[in-house]
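If you read the protein sequences in the order shown, they are chains A and B.
Heads up, the first sequence is in the working numbering, so the first residue is 3 and it goes up one at a time.
Heads up, the second sequence is in the working numbering, so the first residue is 9 and it goes up one at a time.
Beta carbons are placed, not taken as given, at the ideal position from N, Cα and C, and that holds for glycine.
Just so we're clear, the structure is a prediction, and the values are computed from it rather than from any experiment.
In what follows, a structure is listed as structure tokens, so that the remarks can point back to it.
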Amino acid sequence: MNREHVEDYIFPIGLFVLAIGGWEALVRIENIPVYVLPSPSKIAVTLVEDWDTLFRSLMVTLSITFEALFAAIVGGVSLALAFRLWRPLERAFFPFAVVMQVTPVISIAPLLLVYLSSSTAVLVCAFLVAFFPILANTALGLASADHNLIDLFELYGASKWQQLVLLRLPSALPYFLGGLRIGGGLALIGAIVAEIAAGSAGQGAGLAFRIVESGFRLNIPRMFAALFLISVTGILIFVFFTGLSWLLLHRWHDSARGRER
Amino acid sequence: MGVEICSDPTAPLVSLRGVRKAFKSGTVALERMDLDVHDGEFLSLLGPSGCGKSTVLRLIAGLTDKSDGHITWRGGQPSLGFVFQEPTLAPWSDVATNVWLPLRLKGISRADARERVEDALEQVGLTGFAKSYPRELSGGMKMRVSIARALVMRPALLLMDEPFAALDEITRSRLNDDLLKLRKSLSATIIFVTHSVYESVYLSTRITVMAARPGRVVADIPVDASHTRDEDFRLGPYYAERCRATSAALQTAMDCAP
Numbered sequence: 003m004n005r006e007h008v009e010d011y012i013f014p015i016g017l018f019v020l021a022i023g024g025w026e027a028l029v030r031i032e033n034i035p036v037y038v039l040p041s042p043s044k045i046a047v048t049l050v051e052d053w054d055t056l057f058r059s060l061m062v063t064l065s066i067t068f069e070a071l072f073a074a075i076v077g078g079v080s081l082a083l084a085f086r087l088w089r090p091l092e093r094a095f096f097p098f099a100v101v102m103q104v105t106p107v108i109s110i111a112p113l114l115l116v117y118l119s120s121s122t123a124v125l126v127c128a129f130l131v132a133f134f135p136i137l138a139n140t141a142l143g144l145a146s147a148d149h150n151l152i153d154l155f156e157l158y159g160a161s162k163w164q165q166l167v168l169l170r171l172p173s174a175l176p177y178f179l180g181g182l183r184i185g186g187g188l189a190l191i192g193a194i195v196a197e198i199a200a201g202s203a204g205q206g207a208g209l210a211f212r213i214v215e216s217g218f219r220l221n222i223p224r225m226f227a228a229l230f231l232i233s234v235t236g237i238l239i240f241v242f243f244t245g246l247s248w249l250l251l252h253r254w255h256d257s258a259r260g261r262e263r
Numbered sequence: 009m010g011v012e013i014c015s016d017p018t019a020p021l022v023s024l025r026g027v028r029k030a031f032k033s034g035t036v037a038l039e040r041m042d043l044d045v046h047d048g049e050f051l052s053l054l055g056p057s058g059c060g061k062s063t064v065l066r067l068i069a070g071l072t073d074k075s076d077g078h079i080t081w082r083g084g085q086p087s088l089g090f091v092f093q094e095p096t097l098a099p100w101s102d103v104a105t106n107v108w109l110p111l112r113l114k115g116i117s118r119a120d121a122r123e124r125v126e127d128a129l130e131q132v133g134l135t136g137f138a139k140s141y142p143r144e145l146s147g148g149m150k151m152r153v154s155i156a157r158a159l160v161m162r163p164a165l166l167l168m169d170e171p172f173a174a175l176d177e178i179t180r181s182r183l184n185d186d187l188l189k190l191r192k193s194l195s196a197t198i199i200f201v202t203h204s205v206y207e208s209v210y211l212s213t214r215i216t217v218m219a220a221r222p223g224r225v226v227a228d229i230p231v232d233a234s235h236t237r238d239e240d241f242r243l244g245p246y247y248a249e250r251c252r253a254t255s256a257a258l259q260t261a262m263d264c265a266p
């Protein structure tokens, strides 16, 4: 095993095992009560025992996240294209998009709950936070096509449609995928924050509600188990979009290629 | 665009008369520019930075509009090829798809274009690289792809905007020789923008020297086309004399700029 292997794999894995092991040891040696800090093994057991409840909640949170993300992709890309095709639209609409972005979603959530059903309000919150990075990145990407290539397209009499499909969209792809990676994570955060604000219980209860509920009941292991599932979901979303980026870009884009040293 | 067409068969392929180009910023790129380009010529536009060499190419290509004057084509604008200073390839497409682009924009399918794409790649010595991506190629190879893309249209007029300026001396010298070979087989007219006196004398049949601010023609230097361009030409007295004359004209051009 060479030094690079040690640096790339052994260190991170070692540190992770050390952290979990240290946590477990601390709880056992200090006899910390489970309602203060449960050990990792206790959290794992809770995860298995409460799996039915947690899994249902996970599915609720996941479906909100992906519905919101899908809406953000459709909305963000469509609006970015509209900005590109008709520039005055960008000047007119962009301030709204910025206002939506800079206003913390937690402060809009109570207002949305006044006007919308709680499940719709949660969806809208998650959409609002995921929408802007996708819109902004795609708009930037569409505007970033190589000027010489634009000249070349004009020289050979390309139609606006050809210029869009053969030049602007491929130029925007790396930017769009960057926006998607940010938007994917934010959709999950938006969904969790809005769920906490909405506090919806029963059949439609997502993971965030399970955390709040466990807190009230001092069921701290379940709180950690729900938190663990949220983290894993966030990581999986990130890994999925990173993989998608690599798949689409690795043949040609610098961001997806390693550097020979 | 205000481009004019004349039907006189003895007229130059394209001629510029009193052409002025001012940008919105107020910068005057060209003033009273006169230029005739004849069939089969290899014309180099030589001059200091900012003298409007590239603007002349862009005006001829129709990529920008003149502010005043006349641009007249004999019998209408022929098919054009354009090679930029940078290779300007679509990084997301492989070499063959990049070369196919001008034909694709004209509605020619990949299958119908295949033979012409292969021909163009063969002409620039890149057979076997059709499936490579621009990232995988050296600077010189990328420029060859760019030239192949211009050739695939079988242009009657090839416009080249300092295509070899960013390349190392060895690659540049090799591409110069390849360009001369290409020119023989193509029988195209070439307008070549360059900063290099030596390159312009080696390649051209005529050198137009331009001065800056505002851009205009200050000298027209013929280079006898009957000389074979090879290493002997570079070492001979005629080449040295033409280089001297061109350098002197370029010096004058730089001195007369305000």
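Within 8 angstroms, strictly: CB atoms of residue i and residue j
i: residue 166 (chain B); j: residue 215 (chain B); result: no
i: residue 99 (chain B); j: residue 255 (chain A); result: yes
i: residue 107 (chain B); j: residue 157 (chain B); result: yes
i: residue 77 (chain B); j: residue 152 (chain B); result: no
i: residue 159 (chain B); j: residue 128 (chain B); result: yes
i: residue 85 (chain B); j: residue 169 (chain B); result: no
i: residue 10 (chain A); j: residue 224 (chain A); result: no
i: residue 106 (chain A); j: residue 181 (chain A); result: no
i: residue 224 (chain B); j: residue 41 (chain B); result: yes
i: residue 63 (chain A); j: residue 208 (chain A); result: yes
i: residue 74 (chain A); j: residue 18 (chain A); result: no
i: residue 231 (chain B); j: residue 213 (chain B); result: yes
i: residue 196 (chain A); j: residue 111 (chain A); result: yes
i: residue 53 (chain B); j: residue 45 (chain B); result: no
i: residue 220 (chain B); j: residue 55 (chain B); result: yes
i: residue 38 (chain B); j: residue 70 (chain B); result: no
Continuous beta strand (DSSP E) stretch holding residue i: start and end
i: residue 14 (chain A); result: That residue, residue 14 (chain A), is in no beta strand (DSSP E); its alpha helix (DSSP H) goes 13 to 31.
i: residue 142 (chain B); result: Residue 142 (chain B) -> no beta strand (DSSP E), and no H or E assigned at all.
i: residue 216 (chain B); result: 214 to 219
i: residue 166 (chain B); result: 165 to 169
i: residue 111 (chain A); result: That residue, residue 111 (chain A), is in no beta strand (DSSP E); its alpha helix (DSSP H) goes 107 to 117.
i: residue 224 (chain B); result: 224 to 230
i: residue 11 (chain B); result: 11 to 14
Proximal residues of chain A, C-beta to C-beta of residue i below 8 angstroms
i: residue 71 (chain B); result: 153, 156, 157
i: residue 239 (chain B); result: Within 8 angstroms Cβ-Cβ: nothing; residue 239 (chain B) doesn't reach chain A, min ~33 angstroms.
i: residue 94 (chain B); result: 150
Endpoints, alpha helix (DSSP H) assigned at residue i
i: residue 147 (chain B); result: 147 to 159
i: residue 268 (chain B); result: The structure shown has nothing for residue 268 (chain B), since chain B only spans 9 to 266.
i: residue 103 (chain B); result: 103 to 113
i: residue 120 (chain B); result: 118 to 131
i: residue 93 (chain A); result: 89 to 104
i: residue 176 (chain A); result: 171 to 200
i: residue 185 (chain B); result: 177 to 194
i: residue 152 (chain A); result: 149 to 157
i: residue 88 (chain B); result: Residue 88 (chain B) -> not in any alpha helix (DSSP H); beta strand (DSSP E) instead, spanning 88 to 91.
Beta-carbon neighbours of residue i, restricted to chain B and to distances below 9 angstroms
i: residue 164 (chain A); result: 112, 113
i: residue 255 (chain A); result: 99, 100, 143
i: residue 172 (chain A); result: 98, 99, 100, 101
Under 9 angstroms from the C-beta of residue i: neighbouring residues of chain A
i: residue 163 (chain B); result: Within 9 angstroms Cβ-Cβ: nothing; residue 163 (chain B) doesn't reach chain A, min ~11 angstroms.
Beta-carbon neighbours of residue i, restricted to chain B and to distances below 8 angstroms
i: residue 139 (chain A); result: Within chain B, no residue comes near residue 139 (chain A); the closest Cβ sits about 17 angstroms away, beyond 8 angstroms.
Three-state secondary structure assigned by DSSP to residue i
i: residue 264 (chain B); result: coil
i: residue 129 (chain A); result: helix
i: residue 220 (chain A); result: coil
i: residue 31 (chain B); result: coil
i: residue 202 (chain B); result: strand
i: residue 44 (chain B); result: strand
i: residue 213 (chain A); result: helix
i: residue 50 (chain B); result: strand
i: residue 197 (chain B); result: strand
i: residue 85 (chain A); result: helix
i: residue 240 (chain B); result: helix
i: residue 247 (chain A); result: helix
i: residue 162 (chain B); result: coil
i: residue 26 (chain B); result: strand
Residue i: contacting residues in chain B (beta-carbon distance under 7 angstroms)
i: residue 160 (chain A); result: 113
Any C-beta of chain E under 8 angstroms from that of residue i
i: residue 125 (chain A); result: Going by chain labels, chain E is absent from the structure shown, which instead holds the protein chains A and B.
Proximal residues, the segment 65 to 90 of chain B versus chain A, C-beta separation under 7 angstroms
Those would be 69, 71, 88, 90, in chain order.
Taking only beta carbons into account, state which residues of the segment 125 to 159 of chain B come closer than 7 angstroms to chain A, listed in chain order.
Of all residues in the segment 125 to 159 of chain B, 141, 143 have a Cβ within less than 7 angstroms of some Cβ in chain A.
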